Structures are given as structure tokens and as C-alpha cells.
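Residue numbers for the sequence shown follow the working numbering, beginning at 5 and rising by one.
Glycine included, every Cβ here is placed at the ideal spot set by N, Cα and C.
Quantities reported herein were computed from a predicted structural model and do not represent experimental measurements.
Reading through the C-alpha cells given below for one structure.
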Amino acid sequence: MVDIVRKKKRWTTKRILTIAGIAGIVLLIAGSYYFTSGKTKLNRDVERLTISEVSKGPFQETIPVNGDVMPFTSIYLDAVEGGRVEEKYVEDGTIMKKGEPILRLSNTTLELGLVTQQTDVFNLITQMQISRNNAQQNTVTKLQNEADVESQLREAERIYNLDKGLYDKKVIGSQEFRQAENNYNYYLKKKELTDKILAQDSISTEQQLQQAKQSSEGSKRALEVMKRKVSDLIVRAPIDGQLTSLDAEIGENKTQGQRLGQIDKLSGFKVRLTDIDQHYISRVYTGLIGKFTFADSAYTLKITKVFSQVTNGRFQADMQFVGAVPKGIRRGQTLQILLALSDERQAVLVPRGGFYQQTGGNWIFKLSDDGKTAYKVDIQLGNQNQDYYEVLQGLKPGDKVVTSSYEDFGNIQELVLKK
């Protein structure tokens, strides 16, 4: 038998399918690489974009803040004593003089207390007068006793001296002399005792009168305090000024310490910054300057006081006018103020725009030299003001960039600009 030599096939079906599968995988990987690492592009009309030029110029970091115009001096009116509003003498906005009545409250407890205190003082004064009269009468009685004793002593002394002379001459006996001597010594002791009682009575009377006087003065002071408390039911202007924020209606009950209104001294205004972000609390201090425009004129303010308390992420500060005060400015007006946080310096600047919301200032679309495309470049921004961001890195003066919003760009790497 003769063997027949068969030629082996190089391109079998199995081999072709294997090669095709490998090629497909390679193409898939290549396509994936192309679409993930290559630049995705987006056509965009130039008219739909804001294109700005990077520049170099003077820069000062500022923040916009709201300020409320307030009187330079205000005094709050609080109810010193609680009560019912019986009468209003003036209305909100009235120009007041110091001491003029604003409204009257009634308080039956205080008024009854005043009557009771007045009665107590009257009774005490009456009792003190009776005690004084009794003391005086007692003193008169003792003085009369003293006078009688002195008279009796003088008579006993006269008889004693007379009998002593007669006794020495042997005219009378010792029994009669001794009687006269004993009688004299008796009235002498009685006179000493009477003087002592009178002295003690004088001291006791003085002490009683002093105690009564102190008690009376204490009662009178309590009466004066009660009178002041009752007089406080009439609320009066503490200073010359304008009555504002009056919050009281006839028939309304006001508790002790409740705010009734305020008096604004008409000697000038200040501005209270009410909404400074707590992020700036370490950078806001007395002496900082702010500017605002009113009636097409520019004005300057200076911080004079910073309130360190933070509420809802905000803190406050007071400013005073430097130089002229705007004519026609009124209490309660809100001013838009640019507060300077740094001195003016030269810096590379890019205009503010919507791009910052999507990029956080980390990158921006920069135009190519021919202006036909814009591509991503990394940047670093510093401080800002109402017009510009300070460029620290990534751009130079003369560069043109897209500063409008990137909201609908997605992950686009390059913009093709169409005119």
C-alpha cells in the first residue's frame, strides 16, 4: 500500500476564532484607554461663555457685610414696676425732654402698700410724741423731787449747824444733837440718790428718744422708697431724645423688667454689622475700615467694637463714621458695606465668576494662543474681594480664561470654541 502525504492546514477554524477573540480584546482595551485617558471635547459657542483676561493690578481683600444704622446712644425703657397700662401721654416717634411722662401704670398692691406705710409712719410719729411727752413729764416730776430734797437738805443742814454750836456750848444734850445730825446725813444721802436717779433718767430718756428717732427715720425712708416705687408707675424719659419702639397699649399688663421701648439720643449715628461670618472672627478687629455708597457719594466707616459672641455662625461689630455723615440717613436703614481685611497690594487677578462653584478655585479653562480651544489648567487662588480672585499659581497676566459657570460641562477636558 502506498502512503499518501496530506498537507496540514495552517488556518483552521479554531485558530481563526482564537485570533479574532484576542484581537477583539486588544481593541476593547485600546478603546477603553482612548476614551478614559484621552481628552473629551465639547463644542461651545463663544457667545455663551464669559471670557476674561488675567491682569495684574492693585488688590485689597474685602468682604461685603450688611450694617444697620442705629443711634449713637440708646437707652432702653423697662418697667421698673409691673402694672396695668392706664394712660399713654405720647406716641412712638415723639421727641422727648428728660423727665417728661410717657405712660402711666397702675398697681393696686403698691398703692395699698403706700397707704399702709404712710399710716405706720403716722402712728410711729404719734407714739414717739407720746413717749417724749411722758419722758418730759417724768423728768419734771424727778426735778421737782430733787428740788424738794434740796430744800429739805438745806433745812436739815441749818438745824444741824445750829444744834452743833449749841451742843458745843453745852446748851443742848447729845440726844437732840444726834437727831439733827442723823437727819442731815439722811437728806444728804437722799440728795445724792436723787441726783443719781435724775442722771440715769436723763440717759434712759435720751436713749429712748434716740431709738424712737432711728425707728422713725427708718420708717420714713421706707415710706420714701414706697413713694418712689409708686412714682415709677409713671414712666418718664431718662434723657432728651426720640421715643422709639414703644410697645404698650391701654389695658395691657406689663411685668416688672419688661421692655417698653427706648429713647434714642439725637446726637449722631453708628452702624451695627449684624451678619459677619464666624470664619472672619480672628481677622475683624477695631480700626478696620469699611466703605459704602449713599446717594452716589462714598463714605467711610471704622470698626470701634467687636462682639465676640457667635450666634448661628455669625457675629456682630459696631462702626462709626469717619468724616462726613450722609445727609438724610435714618435709623433702621440697612447699608451695604465693603469691609477691608487687608492693605492694598499688587497681585495677579482673575475676575470673579461662576466657574468657582464647580472648581473650588483649583482649576480653570484657559484659552489656547489661537483662541480656538480652551483646556483645563490647575491653579491656586488666594484671597478675594467683590470683583477679583487673587491668583497665586497657574496663570499669568494676559492669559484668557473662561469665568462663566461650568455647571453643564461634566467631565469635559477641552472646549472647542465656535464663533
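Between Tyr392 and Leu353, the C-beta spacing is below 8 Å. The C-alpha of Asp322 lies about 13 Å from the C-alpha of Leu339.
Look at the segment 206-268 and you find these whole runs of beta strand (DSSP E), each 3 residues long or longer: 238-240 and 245-248. For Phe126, the secondary structure class from DSSP, reduced to helix, strand or coil, is helix. Asn165 has no beta-bridge partner at all, per DSSP.
Here Arg335 really is in contact with Pro75; their C-beta atoms are around 6 Å apart, less than 8 Å.
Relative to the Cα of Gln390, the nearest Cα in the group Arg356, Ile333, Lys309 and Thr259 belongs to Arg356.
Rounded to the nearest whole angstrom, the C-alpha separation of Lys195 and Gln204 is 14 Å.
Relative to the Cα of Ile79, the nearest Cα in the group Leu399, Gly265 and Asn415 belongs to Gly265. In this structure, Phe63 places its C-beta atom within 8 Å of the C-beta atom of Ala351. The segment 397-410 makes no contact with the segment 82-90; the number of CB pairs closer than 8 Å stays below 3.
Residue burial annotation: Gly71 is buried, with at least 16 other C-beta atoms found within 10 angstroms of its C-beta.
Closest in C-alpha terms to Asp96, from the list Lys309, Phe359, Ala241 and Gly317, comes Ala241.
Buried is the label assigned to Val153, since at least 16 other Cβ atoms lie within 10 Å of its Cβ. Minimum Cα-Cα distance from Leu345 among the listed residues Gln337, Asp373 and Gly294 corresponds to Gly294. Going by C-alpha positions, Met100 is about 9 Å away from Ile106.
Assignment of Ser271 by DSSP, reduced to helix, strand and coil, places it in the strand class. In terms of CA proximity to Arg263, Leu250 leads the group Phe319, Leu250 and Ser271. DSSP places Ile176 in the coil class of the three-state scheme, outside both helix and strand. In the DSSP assignment, Tyr392 falls within the unbroken beta strand (DSSP E) covering Tyr392 to Gln397. Sequence-distant Cβ neighbours of Ile416 in its own chain, meaning closer than 6 Å and more than five residues away, are Thr44 and Leu46.
Contact between Leu421 and Thr377 holds, since their C-beta atoms are separated by about 6 Å, short of 8 Å. Excluding its 5 nearest sequence neighbours in each direction, Gln156 has C-beta neighbours in its own chain below 6 Å: Tyr191, listed in chain order.
When beta bridges are read from the DSSP output, Tyr303 appears opposite Phe296. Secondary structure at Ala344: strand, using DSSP grouped into helix, strand and coil. In chain order, Lys269 and Ser271 place their CB closer than 7 Å to the CB of Thr77, counting only its own chain and leaving out the 5 sequence neighbours on each side. When C-alpha distances from Ala252 are compared across Arg48, Ser56, Leu81 and Glu51, the shortest belongs to Leu81. The alpha-carbon separation between Asn186 and Glu161 amounts to approximately 10 Å. Excluding the 5 residues flanking it on each side, Thr98 has same chain C-beta neighbours closer than 6 Å at Leu247, in chain order.
In this structure Asn316 is exposed. Its beta-carbon is surrounded by fewer than 16 other beta-carbon atoms within 10 angstroms. Distance from the CA atom of Ser220 to the CA atom of Gln133, rounded to whole angstroms, is 11 Å.
When DSSP states are grouped into helix, strand and coil, Phe319 belongs to the strand group.
A Cβ-Cβ distance of about 5 Å is found for the pair Leu399 and Val58, placing them in contact under the 8 Å criterion. DSSP places Tyr360 outside any beta strand (DSSP E); the residue lies instead in the alpha helix (DSSP H), whose first and last residues are Phe359 to Thr363.
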